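Line by line, the protein sequences are chains A and B. Counting in my numbering, the first sequence tops out at residue 537, every number present. Counting in my numbering, the second sequence tops out at residue 537, every number present. Cβ atoms here follow ideal geometry from the backbone N, Cα and C, with glycine treated the same way. Note that the coordinates shown come from a computational prediction; the quantities given were computed from them, not determined experimentally. Here the structure comes first, spelled out in structure tokens, and everything after it is commentary.
Protein chains: 2
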Amino acid sequence: MYIQQLYMKDLNIRLKTVSELSVSKQAVINVFLTHTMFKTKLLDVLKPHDLSIEQFNVLRILRGQKGKPLNLQDVQDRMVSKMSNTTRLIDKLILKEFVNRDECPENRRKIELLISSEGLKKLEEIDTLVDQTETQMTSNLTKTELKQLNFLLTKLATTA
Amino acid sequence: MYIQQLYMKDLNIRLKTVSELSVSKQAVINVFLTHTMFKTKLLDVLKPHDLSIEQFNVLRILRGQKGKPLNLQDVQDRMVSKMSNTTRLIDKLILKEFVNRDECPENRRKIELLISSEGLKKLEEIDTLVDQTETQMTSNLTKTELKQLNFLLTKLATTA
DNA sequence: GTACAATTGTTGTATATACAAATGTAAAAG
DNA sequence: CTTTTACATTTGTATATACAACAATTGTAC
Numbered sequence: 378m379y380i381q382q383l384y385m386k387d388l389n390i391r392l393k394t395v396s397e398l399s400v401s402k403q404a405v406i407n408v409f410l411t412h413t414m415f416k417t418k419l420l421d422v423l424k425p426h427d428l429s430i431e432q433f434n435v436l437r438i439l440r441g442q443k444g445k446p447l448n449l450q451d452v453q454d455r456m457v458s459k460m461s462n463t464t465r466l467i468d469k470l471i472l473k474e475f476v477n478r479d480e481c482p483e484n485r486r487k488i489e490l491l492i493s494s495e496g497l498k499k500l501e502e503i504d505t506l507v508d509q510t511e512t513q514m515t516s517n518l519t520k521t522e523l524k525q526l527n528f529l530l531t532k533l534a535t536t537a
Numbered sequence: 378m379y380i381q382q383l384y385m386k387d388l389n390i391r392l393k394t395v396s397e398l399s400v401s402k403q404a405v406i407n408v409f410l411t412h413t414m415f416k417t418k419l420l421d422v423l424k425p426h427d428l429s430i431e432q433f434n435v436l437r438i439l440r441g442q443k444g445k446p447l448n449l450q451d452v453q454d455r456m457v458s459k460m461s462n463t464t465r466l467i468d469k470l471i472l473k474e475f476v477n478r479d480e481c482p483e484n485r486r487k488i489e490l491l492i493s494s495e496g497l498k499k500l501e502e503i504d505t506l507v508d509q510t511e512t513q514m515t516s517n518l519t520k521t522e523l524k525q526l527n528f529l530l531t532k533l534a535t536t537a
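Below, the structure written as structure tokens:
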């Protein structure tokens with residue numbers, strides 16, 4: 378509640394001044410604001426399950442492997458964050474027993490990461506909630522508008 | 378260099394799978410990816426000046442006052458982050474002598490924050506660089522597309 | 001086959017984010 | 001005028017982000 382209210386307050390203040398700025402500056406600010414809103418709402422959903430957004434993402438990445446292990450590099454490549462953090466992030470998932478880590482037999486520099494059955498169970502528990510949240514967060518755009526948005530954001534990020 | 382390459386690698390991997398997801402999920406991922414790209418590039422510019430993005434934002438907010446002091450709450454309301462951090466963030470700006478903090482005479486609970494002349498000088502030094510970066514980051518969208526993007530993002534964030 | 005380079009992962013430090021609790025001051029209630 | 005409530009800021013703790021340095025293992029060159 379508090380967060381949403383605070384956020385809306387920020388937004389109103391920003392929208393007054395944003396319109397005077399260049400379209401580029403506006404775009405940057407709008408992306409930052411939207412990101413903050415998405416992050417906040419997703420975190421609201423994940424928090425009761427004691428997962429951060431990045432931890433949730435890593436679990437989904439590992440689930441996507443369907444039993445095949447991934448090493449740190451693999452996981453890292455599918456994330457939008459930094460190597461240095463991934464070790465510690467996964468440490469926390471291992472503590473919660475959602476992930477297992479083993480030494481890779483062929484190459485002892487590597488590690489093998491696998492999601493556990495508890496991890497899978499937790500993901501199933503959350504999936505629907507996250508889906509609903511994502512739908513709700515984007516609900517004041519029509520499907521056509523969302524496609525348009527995705528087109529623009531993809532174009533923006535791909536070559537820039 | 379390294380960051381950009383890594384980022385592009387991530388993006389390519391994501392774009393393969395993203396298309397299979399719902400438009401809502403795609404939008405969320407695209408906003409996250411774009412945010413990361415923007416943040417990385419802005420940080421590249423600010424880093425040589427020993428400023429974080431949020432520190433830079435606070436300086437710009439204070440400059441916008443043209444001599445009138447702001448208290449913490451005011452600054453916070455114009456930011457996209459959390460109260461708890463703002464104290465510490467400003468501590469660092471004070472250490473760098475870009476900002477002065479005084480007790481508010483009418484209400485000793487409040488503080489008065491002012492940008493220093495060094496702070497103003499630093500901002501002038503960076504302004505052009507940041508403008509160029511923002512323009513360059515958004516350069517593969519036309520002005521019309523950027524306006525469209527701003528419309529969609531504003532609509533997305535305003536009521537959701 | 002030893003020296004050097006590359007790969008893979010871990011650790012350290014600074015900053016930012018998120019929340020809760022604590023501190024100090026002002027205002028309101030009684 | 002004292003107690004309670006609200007306000008403004010600070011501090012503490014956990015996680016995430018960014019970068020650099022380090023350690024261990026593997027690969028390559030001579």
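Residue j beta carbon less than 8 Å from that of residue i
i: E489(A); j: L466(A); result: no
i: V405(A); j: M514(B); result: yes
i: K532(B); j: N517(A); result: yes
i: K443(B); j: T510(B); result: no
i: F475(B); j: K445(B); result: no
i: N484(B); j: Q403(A); result: no
Endpoints, the beta strand (DSSP E) within which residue i is located
i: R440(A); result: Run containing R440(A): none in the beta strand (DSSP E); it sits in the alpha helix (DSSP H), I430 to R440.
i: N477(A); result: V476 to E480
Contacts of residue i in chain B (Cβ-Cβ under 7 Å)
i: K402(A); result: E511
i: N527(A); result: V400, Q403, A404 and N407
i: L533(A); result: T411, T515, N517 and L518
i: V476(A); result: Those within 7 Å of V476(A) in chain B number zero; the least Cβ separation is about 20 Å.
Boundaries of the alpha helix (DSSP H) in which residue i is found, first to last residue
i: R357(B); result: Outside the displayed range of chain B (378 to 537) lies residue 357(B), so it cannot be described from this structure.
i: V507(B); result: S494 to M514
i: R455(A); result: L449 to R455
i: D421(A); result: V400 to L423
Where residue i meets chain A, residues with beta-carbon distance less than 7 Å
i: F364(B); result: Because chain B here runs from 378 to 537, residue 364(B) falls outside it and cannot be looked at.
Anticipated Cβ contact below 8 Å, residue i with residue j, distance rounded
i: I363(A); j: H426(A); result: In the structure as shown, chain A begins at 378 and stops at 537. Residue 363(A) is therefore absent and cannot be evaluated.
i: V408(A); j: T411(B); result: 5 Å
i: L529(A); j: E522(B); result: 6 Å
i: F433(B); j: L423(B); result: 6 Å
Chain-ordered chain B contacts of residue i [CB-CB under 8 Å]
i: E522(A); result: L529 and K532
i: V452(A); result: Those do not exist, as V452(A) stays about 11 Å from chain B at its closest Cβ, beyond 8 Å.
Given residue i as reference, the closest of the options once Cα atoms are compared
i: F415(A); options: L447(A), N477(A), D508(A) and K469(A); result: D508(A)
i: L497(A); options: V422(A), L470(A), K418(A) and Q450(A); result: L470(A)
i: N477(B); options: K459(B), L439(B) and A534(B); result: L439(B)
i: V452(A); options: K487(A), Q403(A) and L398(A); result: K487(A)
i: D468(A); options: L526(A), L428(A), L420(A) and N527(A); result: L428(A)
i: G441(B); options: E501(B), T463(B), D421(B) and P482(B); result: E501(B)
i: S494(A); options: E480(A), T505(A) and K473(A); result: K473(A)
i: L398(A); options: A534(B), N462(B) and T512(B); result: T512(B)
i: M460(B); options: V435(B), P482(B) and E480(B); result: V435(B)
Chain A residues whose Cβ lies nearer than 8 Å to that of residue i
i: F415(B); result: V405, V408 and F409
i: V422(B); result: Simply none; closest approach about 12 Å.
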